[in-house]
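Worksheet: the structure to be examined is printed underneath.
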Amino acid sequence: MTHTPTPETLTIVIAQLNQSVGDLAANAGQMLEVRARHPDADLIVCPELQLVGYPPEDLVLKPALAARAAEELARLAAATGDGGPAMLVGSVERDADGKLYNIVALLGDGRVHAVRRKHDLPNYGTFDEKRVFAAGPMPDVVEWRGVKLGLPICEDGWYPPVCAHLAAQGAEILISVNGS
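At position 169 of the sequence shown the residue is numbered 186 (my numbering), and the sequence of numbers has no breaks.
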């Protein structure tokens, strides 16, 4: 039996998961296990870069990783076609121009419903994202099951511009996925 949200409710499960860098099948399997344990949830929220593992460092520079991530993301999206919970999944995406992005994807109703790219990339200490990722544009709000969601990714939520932009667009809830 699946949970049908009302305009007054949105049941969110936060999945704090360990991950294995580069083991996309195992990481996807963990997310599907959490989803199976919470069939009445509306949304399962997984960490930043959960699908590829965090921190992926130079592994993300290998074109095969982004291609494999796209395949696994499509498989996860297909799994949401059963009427159960949607999923927010952190991963990577390579665009047609070859730029690589740190993304969060909203998977629901059997498809990738929306993708948002990380805007603020850290470049200090152990964080070297500006070297491996392109910065995404200011993210737009995503509407899911009647709720306007703002989806800042980690550093996007640490400083006012991205969240202020999402609030100005009418975000009712900000859900920030973090890997660190």
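We put the CB at the ideal spot given by N, CA and C, even for glycine.
The alpha-carbon separation between GLN47 and LEU34 amounts to approximately 8 Å. With fewer than 16 other CB atoms across the displayed protein chains lying within 10 angstroms of its CB, PRO80 is exposed. It is roughly 29 Å from the alpha-carbon of ASN140 to the alpha-carbon of LEU124. Cβ contact annotation for ALA43 (same chain, cutoff 7 Å, sequence separation greater than five): SER37, in chain order.
Residue ARG162 holds the alpha-carbon nearest to the alpha-carbon of GLU25 among SER197, GLY70, VAL179, ARG162.
A Cβ-Cβ separation of about 6 Å places ALA83 in contact with LEU117 under the 8 Å criterion.
Shown here for GLY39: same chain residues with a beta carbon closer than 8 Å to its own, the five before and five after excluded, namely VAL69, GLY70, PRO73, LEU76, LEU82 in chain order.
Listed in chain order, the non-local C-beta contacts of LYS165 below 6 Å within the same chain comprise VAL158, GLY187, ALA188, GLU189, local neighbours out to five positions each way being set aside. GLN67 and VAL106 have their alpha carbons spaced roughly 7 Å apart.
The alpha-carbon of ARG85 is positioned some 8 Å away from that of LEU41. Contact between ILE29 and ASP57 is ruled out by a C-beta separation of about 12 Å, above the 8 Å threshold. GLY167 and ASP112 have their C-alpha atoms some 22 Å from each other.
In the same chain as ASN195, and ignoring 5 residues on each side of it, the C-beta atoms closer than 6 Å to its own belong to GLU65, CYS171, in chain order. Cβ-Cβ distances below 6 Å link ALA131 to LEU123, VAL159 in the same chain, with the five nearest sequence neighbours on each side left out; the list follows chain order. The beta carbons of ALA95 and GLY127 sit closer together than 8 Å. Within the stretch 51-99, the beta strand (DSSP E) runs of at least 3 residues that lie entirely inside it are, in chain order, 60-62.
A residue is called buried once 16 or more other Cβ atoms fall within 10 Å of its Cβ, and LEU183 is buried on that count.
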